[in-house]
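Let me begin by presenting the structure, written as structure tokens, before commenting on it.
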Amino acid sequence: MQVAKMRRLTGGVLMLVIASYVSAEPLQPDPAWKQGTLTNGFRWQVLATPQRPGDRIEVRLLINTGSLSENSQQNGFSRFIPRLALTQNSPLSAIQGRLLWQQNSDTPSPAVVSYSNTMFSFSLTNDRSDLLKETLNWLSMTAGSLTISADTVNHALQGEDKVATWPTDTREGWWHYRLKGSAMLVHDPAVSPKMPIDIAGLTAYYQQWYTPDVMTLIVVGNIDSRSVTEQINKTFGELKGKRETPATLPILSPLPPTPVNIMTHAVEKDKLSIMWDTAWQPIQQSIALQRYWRDELAREALFWRVQQSLVKKNIKDVNPGFDCRVLYQRAQCAIHIESPGNKLNTSLTVIANELVQMRDNGLLQEEFDALIARKNMELQKLFATYGRTNTEVLMSQRLRSLQNQVVDIAPEQYQTLRQQFLNSLTVDMLNQYLHQQLSQEMALVLQQPYGEEEYNMKDLKEMWEALMAPPSATAPLHHDPADNQNDVADIAPTQP
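Everything in the sequence shown is counted per numbering that gives the first Met the number 0, starting at 0 for the first residue and increasing by one.
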């Protein structure tokens, strides 16, 4: 009890320290991004990259509507409207339309529909910037003057369906399990509309949800930002309509700690995931960014330790993976183990032992120093790294920032804040956060390919709980310094 009390007191002091080493100042958006809002509410963001003349011009139109906007009579409408749009070349000529799609052939799908958003994507070669005007014209037509009639609907049904969904397989076992408790479970973006399609109903849905005040156009590439801005004003300024009904916000429920076994076609061999999640907090102020960086470094140190332990103990046929992402207002992290079923217990034991060591003893000072030194070295290369980042990656980063309510700051401000953070962080701060995170309940999720014998999750859970039991005050866990002889290496989280 005394140990637990001391930890709580220490935790309170450390949280006061970490909250005071940087003031809660609003983050300033990167001025390189030109952005604005038209009188009809249509928003645009443009980044000119003359330093990347060889990169493609990336264009995205993000519309705040998806399957959550549908009622029972409208199921499938959110996905069918993009399919309808992709079969119409007007206001382009047929030749222009074919050329536009041909230039866009490197994009996996020109339209993606999810629970809350619809996105149209174009990737234009750098030597055909003249196609940008045609692209904007087409997007404007799709956004406000799509022709919906029996003829156009039948034409779309007879053509190839190029519309994708996110996630790609909305009925996959793990995703279906993750949606429990959420309204998204009964609003599948992959469903097809009932036949015959109600033309009047489809038109009403389009007019209600495709309004300019919920649209954002993003353009990145070697372009003349002033000229593109003028085109945007001219092309999208005449769009009509205003959203009367607010869209439903997609929210995942907290991940339940109950162990679960899922049979699925998504894996070829057993995949055990140790998972935890928390409510996602938008990053609008400097202190929120500093906290995010602290969490990120702690996870990196944790993932590195797990990976090194598996290597050191020569556990073969185990493919560890590490994953952190934001999914519908939840920040979710996982340690994945792809392993034959007969080695799951051994692999889980090794990982649990390392997690306990990190929880109760944290990083050694020399490990922390090596981690900070590496991050300082990366910071010195910031501008060179940014200069090599292509337009597709810049676009992906911008979209994630918009979806997760993160302010994109200029590289100069990033460098200043990051250096302040690295200079102020201490090993005690990082270890306190590790202790807090690793003291919470975690979920064991086992995915198995169909046809295998179902694994006994009850036994696995009991073994896990025994390994992760907190130490008694009279028998603290011993930390062996010999387990920490390697330099800290980056483990890059997989992005969604």
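Virtual Cβ for every residue (Gly too), placed ideally from N, Cα, C.
Look up Lys33 in the DSSP assignment and give the residues it is bridged to.
Taking the sequence shown and counting its residues from 1, one reaches residue 33 at position 34. DSSP output for Lys33 lists Val45 as bridge partner(s).
With C-beta atoms as the reference, is His186 less than 8 Å away from Ser113?
Position 187 of the sequence shown holds residue 186. Position 114 of the sequence shown holds residue 113. For His186 and Ser113, no; Cβs fall outside 8 Å.
Tell me whether His335 sits in a helix, a strand or coil according to DSSP, three-state version.
Position 336 of the sequence shown, counted from the start, is the residue given in the question as residue 335. Of the three classes helix, strand and coil, the one that applies to His335 here is strand, per DSSP.
Quick check: the Cα distance between Asp212 and Leu61, rounded to an integer number of angstroms?
Taking the sequence shown and counting its residues from 1, one reaches residue 212 at position 213. Taking the sequence shown and counting its residues from 1, one reaches residue 61 at position 62. Distance between the alpha carbons of Asp212 and Leu61: 11 Å.
Should the segment 278 to 290 be called in touch with the segment 146 to 160, which here means at least 3 C-beta pairs below 8 Å?
Contact fails: fewer than three Cβ-Cβ distances are below 8 Å.
Which residue's Cα is closest to the Cα of Asn70: Leu201, Arg304, Tyr454, Leu254?
Reading the sequence shown from its first residue, position 71 is the one you call residue 70. Nearest of Leu201, Arg304, Tyr454, Leu254 to Asn70, Cα basis: Leu201.
Tell me the residue span of the alpha helix (DSSP H) that contains Glu464.
Reading the sequence shown from its first residue, position 465 is the one you call residue 464. Start and end: 456 to 466.
Quick check: what's the CA-CA separation for Leu26 versus Thr146?
Residue 26 sits at position 27 when you count from the first residue of the sequence shown. Residue 146 sits at position 147 when you count from the first residue of the sequence shown. The straight-line gap from Cα to Cα measures roughly 43 Å.
To the nearest angstrom, how far is it from the Cα of Asn352 to the Cα of Leu466?
The count along the sequence shown starts at 1 and reaches residue 352 at position 353. The count along the sequence shown starts at 1 and reaches residue 466 at position 467. Approximately 7 Å between the Cα atoms of the pair.
To the nearest angstrom, report how far apart Gln447 and Gln280 are at their CA atoms.
Walking along the sequence shown from the start, residue 447 turns up at place 448. Walking along the sequence shown from the start, residue 280 turns up at place 281. Cα-Cα distance, rounded: 33 Å.
Which class does Arg59 belong to by DSSP, given the choice of helix, strand or coil?
Within the sequence shown, the letter at position 60 stands for residue 59. Looking at Arg59 - three-state DSSP - the assignment turns out to be strand.
Quick check on Lys270: does DSSP put it in helix, strand or coil?
Your numbering for residue 270 matches position 271 in the sequence shown. If DSSP states are grouped into helix, strand and coil, Lys270 belongs with the strands.
Do Gly143 and Tyr204 come within 8 Å of each other at the CB atom, strictly closer than that value?
What you label residue 204 is simply residue 205 of the sequence shown in a count that begins at 1. What you label residue 143 is simply residue 144 of the sequence shown in a count that begins at 1. Taking 8 Å as the Cβ cut-off, Tyr204 and Gly143 do not qualify as a contacting pair.
Answer yes if the segment 308 to 317 comes into contact with the segment 335 to 351, meaning at least three C-beta pairs across the two stretches below 8 Å, and no otherwise.
Yes, they touch.
Thinking just about the alpha-carbon of each residue, which of Ala468, Gly35, Thr124 is nearest to the one in Gly53?
Reading the sequence shown from its first residue, position 54 is the one you call residue 53. Of the listed residues, the one whose Cα sits closest to Gly53 is Thr124.
Distance, Cα to Cα, Asp359 vs Glu366?
The residue you call residue 359 lines up with position 360 of the sequence shown. The residue you call residue 366 lines up with position 367 of the sequence shown. Straight-line Cα distance between these residues: approximately 16 Å.
Mapping the DSSP letters down to three states, classify Ala287 as helix, strand or coil.
Translated into positions along the sequence shown, residue 287 becomes position 288. In the structure shown, Ala287 sits in a helix (DSSP, three-state: H, G or I).
Would you grab the beta carbon distance between Thr390 and Val266 for me? Rounded to a whole angstrom, and I think it's under 8 Å.
By one-based count along the sequence shown, residue 390 stands at place 391. By one-based count along the sequence shown, residue 266 stands at place 267. Not really, about 34 Å apart at Cβ, beyond 8 Å.
Quick check on the burial criterion: 16 or more other C-beta atoms within 10 angstroms. Buried or exposed for Phe235?
Against the sequence shown, residue 235 aligns to sequence position 236. Answer is buried; the Cβ neighbour count reaches 16.
Ends of the beta strand (DSSP E) at Thr244?
Locating residue 244 in the sequence shown gives position 245, where the first residue counts as 1. Neither: Thr244 is in no beta strand (DSSP E) and is coded neither H nor E.
Quick one: Cα of Pro192 to Cα of Gly172, how far?
Residue numbering aside, residue 192 sits at position 193 when the sequence shown is read from its first letter. Residue numbering aside, residue 172 sits at position 173 when the sequence shown is read from its first letter. Distance between the alpha carbons of Pro192 and Gly172 is about 23 Å.
Return the CA-CA distance between Thr36 and Ala278, expressed in angstroms with no decimal places.
The count along the sequence shown starts at 1 and reaches residue 36 at position 37. The count along the sequence shown starts at 1 and reaches residue 278 at position 279. One C-alpha to the other measures close to 30 Å.
Closest to Pro470 by C-alpha separation, out of Lys457, Ser438, Gly450, Glu461, would be which residue?
Locating residue 470 in the sequence shown gives position 471, counting from the first residue. Comparing Cα positions, the closest option is Ser438.
How is the beta strand (DSSP E) around Gln446 delimited, first residue to last?
For the purposes of this step, residue 446 is taken as the residue at position 447 of the sequence shown. Looking at the DSSP string, the run of the beta strand (DSSP E) that includes Gln446 is 442 to 448.
If I measure Cβ to Cβ from Ile94 and keep anything under 6 Å in the same chain, skipping five residues before and after, which residues do I get?
Against the sequence shown, residue 94 aligns to sequence position 95. Note that Ile94 scores a pLDDT of 49, beneath 50, so its modelled location is shaky; the value from the coordinates is reported in the next line. Around Ile94: no qualifying Cβ.
From which residue to which residue does the alpha helix (DSSP H) around Asp150 run?
Taking the sequence shown and counting its residues from 1, the one referred to as residue 150 is at position 151. It spans 149 to 157 - the alpha helix (DSSP H) in which Asp150 sits, taken as one unbroken run.
So does the segment 441 to 459 actually touch the segment 269 to 278, counting three or more Cβ pairs closer than 8 Å?
Flag = yes, the segment 441 to 459 and the segment 269 to 278 touch.
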